[in-house]
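Here is the structure we will look at, set down as structure tokens.
Residue numbers (my numbering): 435 to 830.
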């Protein structure tokens, strides 16, 4: 039984065709006996109305026009109403549920007019005025109910279609947001990798050059430089492992590992590291240190790291630097200056320190993400100057 039900749901035309055959059989039996009018006229009209039932889903508008034409023909040829006229109710319902809007309105108007016109065409001498009105209303109600039922089904289908479309749109928006988040995370990792590589590899290159220079004259200094290269390389490797681990889903959760990102407190360690590498750095903190949002913490650290890396790369062997942190009531001020030769002016114009525009552009992106401002450029007396103001908000 379930298979038959599923088959009929998948093939509604078979259901309509079956009902059309049943309706045709009843109409032919009544029409052949002359109960509805001349059989030569009543039977063909009944056949056409049964065709309306069979094809109502495939072409509802055309079947509505055909049913209207058959109704007019009944009035002209004096064929009275019979079982085949049930097709009129069926097509009104179908057009209201599935047809075009104009067809739905036309079906409602035609259905409401059918009963009064039929009563005028075949008046009853046994009914008074009140009886005629009651009969007309009684015959009109089925058409109105058929149209209301069909229109409510149309509204219900449209509502569910709107829900499905909204769900699909929300899914597309979620996918788009996920892609944006992935792109932003990749850009963040790229900036982090650039900062790590630019800082640590720069130290390694400087120390390697120094070791090669003093290898024969001062083996102890060369050994110390090689140890610095080794420790810096390990630090860079650990940083890159931390960043690349983000790309492996669930790595931290499965391994139970979490490596915190650099923050403002680690700037002093960064300064000490630079001093150990031979770069004199003066470090000062003004104001009362307070908790900062993690984005501000990381931005401040990376700005200082990039600025000191630039000093080592472009400042020359005798360059010195100063780092100043100022805690204002509503912001954190950063000032990094050096007295070296400074980066070539064309690199400053291109927006970065590495010749590709990544250093300063990365700084501006970081500062912009936390709503701050950045100013960078050559100092009037020589060297380079970077200042930033990062908005302060209490960390949760």
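We put the beta carbon where it would ideally sit given N, CA and C, even for glycine.
C-beta atoms of residue i and residue j nearer than 8 angstroms
i: residue 801; j: residue 733; result: yes
i: residue 474; j: residue 486; result: no
i: residue 581; j: residue 621; result: no
i: residue 760; j: residue 717; result: no
i: residue 670; j: residue 635; result: yes
i: residue 518; j: residue 583; result: no
i: residue 713; j: residue 746; result: yes
i: residue 516; j: residue 480; result: yes
7 angstroms CB neighbourhood of residue i in its chain, flanking five on each side removed
i: residue 556; result: 514
i: residue 488; result: 450, 451 and 454
i: residue 587; result: 531
i: residue 576; result: 523
i: residue 780; result: For residue 780, the predicted structure reports a pLDDT of 47, less than 50, and the residue's modelled location is therefore unreliable. A value from the coordinates is still provided. Contacts found: none.
i: residue 709; result: 715
i: residue 656; result: 645, 648 and 649
Residue nearest to residue i in terms of C-alpha spacing, selected from the options
i: residue 447; options: 591, 482 and 492; result: 492
i: residue 507; options: 483, 609 and 717; result: 483
i: residue 666; options: 641, 816 and 551; result: 641
i: residue 537; options: 490, 551, 552 and 516; result: 490
i: residue 624; options: 799, 650, 645 and 598; result: 799
i: residue 817; options: 607, 600 and 754; result: 754
i: residue 740; options: 762, 796, 545 and 597; result: 796
i: residue 807; options: 644, 772 and 767; result: 767
i: residue 724; options: 584, 773, 702 and 762; result: 762
i: residue 700; options: 738, 722, 670 and 714; result: 738
i: residue 748; options: 774, 437, 765 and 589; result: 774
i: residue 551; options: 564, 534, 539 and 571; result: 571
i: residue 461; options: 527, 496, 521 and 764; result: 521
i: residue 579; options: 553, 543, 554 and 566; result: 543
i: residue 535; options: 585, 553 and 564; result: 585
Proximal residues to residue i (C-beta, below 6 angstroms), its chain only, five neighbours per side dropped
i: residue 711; result: 637
i: residue 532; result: 494
i: residue 821; result: 769 and 809
i: residue 698; result: 731 and 734
i: residue 819; result: 771 and 813
i: residue 573; result: 549
i: residue 609; result: none
i: residue 695; result: 732
i: residue 497; result: 486, 489, 490 and 525
i: residue 528; result: 490 and 494
i: residue 644; result: 659
Residues sharing a beta bridge with residue i, DSSP
i: residue 767; result: 760 and 823
i: residue 772; result: 755
i: residue 812; result: 818
i: residue 594; result: Answer is none; residue 594 lacks a bridge partner.
i: residue 718; result: 758
i: residue 807; result: 823
For residue j and residue i, the rounded distance between their alpha carbons
i: residue 825; j: residue 720; result: 16 angstroms
i: residue 541; j: residue 445; result: 26 angstroms
i: residue 833; j: residue 611; result: A query on residue 833 cannot be resolved here, the shown segment of the chain reaching from 435 to 830 and no further.
i: residue 664; j: residue 606; result: 49 angstroms
i: residue 654; j: residue 703; result: 25 angstroms
i: residue 592; j: residue 472; result: 45 angstroms
i: residue 546; j: residue 478; result: 25 angstroms
i: residue 648; j: residue 715; result: 24 angstroms
i: residue 510; j: residue 589; result: 37 angstroms
i: residue 706; j: residue 744; result: 17 angstroms
i: residue 659; j: residue 722; result: 37 angstroms
i: residue 569; j: residue 598; result: 45 angstroms
i: residue 646; j: residue 618; result: 41 angstroms
i: residue 614; j: residue 437; result: 48 angstroms
i: residue 566; j: residue 554; result: 10 angstroms
i: residue 652; j: residue 661; result: 15 angstroms
i: residue 616; j: residue 594; result: 33 angstroms
i: residue 815; j: residue 750; result: 15 angstroms
i: residue 463; j: residue 443; result: 30 angstroms
Cut-off 8 angstroms between Cβ atoms - residues of its own chain near residue i, not counting five sequence neighbours on either side
i: residue 804; result: 727, 729, 730, 733, 824 and 825
i: residue 539; result: none
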